[in-house]
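Asks:
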Amino acid sequence: MISIDVALGTRAYEVRAGSGLLGDLAAQCGARLRKRVVPIVTDANVHAAWGAVVAASLAAAGHEAAWRILPPGEGAKSWAELAATVDWLLGLEVERGDHILALGGGVIGDLTGFAASVLKRGCHFIQLPTSLLAQVDSSVGGKTAINTPAGKNLVGAFHQPALVLADLDTLATLPPRELAAGYAEVVKYGLLGDAAFFAWCEGNAAAVLAGDAAAQQHAVAVSVAAKARIVAEDEFETGGARALLNLGHTFGHALEAATGFGARLLHGEGVALGMVLAARFSAARGLMPGAEAEQIAAHIAGLGLPAQLSDLGLNVSGDALAAHMLHDKKVDAGRVAFVLMRGIGEAFLTRDVALPEVSAFLSAELMR
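Position 102, counted from 1, in the sequence shown is what the working numbering calls 168; the numbers after and before it change by one each time, with no gaps.
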């Protein structure tokens, strides 16, 4: 097991990653589990794969699992499911000192964390991420949210978990598409600030996706350590450092909105293509060599992830895609924030981008 500290003063916590953590759940959580009944939010797929393991670990320590099982997918990040989850927690008489467990991917972690942030003005929660995307990104850093018709993650709160337990064994139960989508958030850390890690990814991505335990642990460890450093520097995304974690997301969220936030384009797939678009847009502006942008595209495409906007078959215009970006939560005074690149491992934030320029670029990519 590896352990990484997220240094946030009184809100500091530990991220543990290794095999067998869910089977040892009660011991890992320790005194945080104060009562016999332990509330756990999950989805149907994760419950089928890991529910019995979690329940057995808790029962062996004298606890009883209380389950809220949601449908899989982004649809669970809604006002209706948030309200129902909060009502369920109130029915269990959860107190502010209790810990709610979030067992699942990014959707479950986001929804549960947001529910914990508003329940009785703030309750504790523990992240038990079961997807690669959640283990390397969404479970760390305290961003919680739901989606609305206006856009993705527009209603939420910063609410740090008390502990993150990333059981690497859960990656073996992921569908290949989900695992590949999660890998996009791994390679992102190389692209935004660590060229050496991107080079490692080029040589080891296939092993990560094939289930190589050592490669997966290294990918998770490097990614979590990178995010922990950035979050400790800029917890509430006010100084610019944390904004770099949005590499690919402004383009990606627009694509998710255009495809209805559904199974047609998974979040990680949107990020993957978004990073390719960010690189190509950077190259088009003369910020980075075109060869490096195409190197990124080739790496993404080689793993079966979307790397060509025209391949999505969208019946939209560049103007329509760019318009989605105006609903991004980081828009300030009407200016959209973009994370662009000067090269692999050299990302930066800028608001010096006019949407008509983005529209023209996307129109060209739709025809590419």
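We put the beta carbon where it would ideally sit given N, CA and C, even for glycine. Bear in mind the structure is a predicted one, so any value in this text is a computation, not a measurement.
When you compare only the Cα positions, how much space is there between residue 70 and residue 257?
Replies: When rounded, the distance between both Cα atoms is 21 Å.
Asks: Decide if residue 76 is buried, meaning its Cβ has at least 16 other Cβ atoms within 10 Å, or exposed.
Replies: Answer is exposed; the Cβ neighbour count stays below 16.
Asks: By Cβ distance below 6 Å, which residues in the same chain neighbour residue 260 in space, the five residues on each side in sequence not counted?
Replies: Taken in chain order, the residues that qualify are 411.
Asks: Could you compute how far the alpha carbon of residue 163 sits from the alpha carbon of residue 349?
Replies: Between residue 163 and residue 349, the C-alpha separation is close to 51 Å.
Asks: Tell whether a beta-carbon distance below 8 Å holds between residue 195 and residue 222.
Replies: No.
Asks: Using alpha carbons as the reference points, say which of 202, 241, 295 lies closest to residue 111.
Replies: For residue 111, the nearest C-alpha among the options comes from 241.
Asks: Residue 117 to residue 188, Cα distance in whole Å?
Replies: For residue 117 and residue 188, the distance between alpha carbons rounds to 26 Å.
Asks: Could you check what DSSP says for residue 394 in three-state terms: helix, strand or coil?
Replies: Coil at residue 394, not helix or strand.
Asks: Where residue 143 and residue 362 are concerned, what is the direct C-alpha to C-alpha distance, given to the nearest angstrom?
Replies: If you take the alpha carbons of residue 143 and residue 362, they lie about 31 Å apart.
Asks: Within a Cβ cutoff of 6 Å, which residues of the same chain sit near residue 68, ignoring the five residues on either side of it in sequence?
Replies: 83, 287, listed in sequence order.
Asks: With burial defined as no fewer than 16 other Cβ atoms inside 10 Å of the residue's Cβ, what is the status of residue 246: buried or exposed?
Replies: Classification of residue 246: buried, given that the 10 Å Cβ count is 16 or more.
Asks: Does the region 312-325 touch the region 399-409, meaning 3 or more C-beta pairs lie closer than 8 Å?
Replies: Cβ pair count under 8 Å is three or more, so yes.
Asks: From residue 94 to residue 88, what distance separates their C-alpha atoms?
Replies: Their Cα atoms are separated by approximately 9 Å.
Asks: Which two residues bound the contiguous beta strand (DSSP E) that contains residue 80?
Replies: Where residue 80 is concerned, the enclosing beta strand (DSSP E) stretches over 79-84.
Asks: Which parts of the region 167-207 are runs of the beta strand (DSSP E), unbroken and 3 residues or longer, counting only runs that do not cross its ends?
Replies: Listed in chain order, the complete beta strand (DSSP E) runs (minimum 3 residues) inside the region 167-207 are 190-195.
Asks: Is residue 410 helix, strand or coil by DSSP?
Replies: Residue 410: coil per DSSP, three-state reduction.
Asks: In three-state terms, what does DSSP make of residue 160?
Replies: Three-state DSSP puts residue 160 in coil, outside helix and strand.
Asks: Excluding sequence positions up to five away, which residues of its chain have a Cβ less than 7 Å from the Cβ of residue 214?
Replies: Once the five neighbours on either side are set aside, the close Cβ partners of residue 214 are 220, 221.
Asks: Helix or strand or just coil, what does DSSP make of residue 105?
Replies: Residue 105 falls in the strand class under three-state DSSP.
Asks: Look up residue 223 in the DSSP assignment and say whether it is helix, strand or coil.
Replies: Residue 223 falls in the strand class under three-state DSSP.
Asks: Along the chain, where does the alpha helix (DSSP H) that runs through residue 381 open and close?
Replies: Unbroken run through residue 381: none, as it is neither H nor E.
Asks: Can you tell me whether residue 237 is helix, strand or coil according to DSSP?
Replies: Note: residue 237 maps to helix in three-state DSSP.
Asks: Comparing alpha-carbon positions, which option in 359, 72, 310 lies nearest residue 396?
Replies: Checked all of 359, 72, 310; the closest Cα to residue 396 is 310.
Asks: Just the Cα atoms here: how many angstroms apart are residue 368 and residue 100?
Replies: Whole-angstrom Cα-Cα distance: 48 Å.
Asks: Would you check if the distance between the CB atom of residue 343 and the CB atom of residue 431 is smaller than 8 Å?
Replies: Cβ atoms of residue 343 and residue 431: closer than 8 Å.
Asks: At the level of alpha carbons, what is the spacing between residue 357 and residue 338?
Replies: Their Cα atoms are separated by approximately 18 Å.
Asks: With burial defined as no fewer than 16 other Cβ atoms inside 10 Å of the residue's Cβ, what is the status of residue 217: buried or exposed?
Replies: It counts as buried.
Asks: DSSP puts residue 217 in a beta bridge; with which residues?
Replies: The partner list for residue 217 (beta bridge, DSSP) reads 214.
Asks: If I'm right that residue 199 touches residue 251 with Cβ under 8 Å, what's the distance once you round it to whole angstroms?
Replies: That pair is a contact at about 5 Å.
Asks: Does the separation of the CB atoms of residue 191 and residue 138 fall below 8 Å?
Replies: The answer is no: Cβ separation not under 8 Å.
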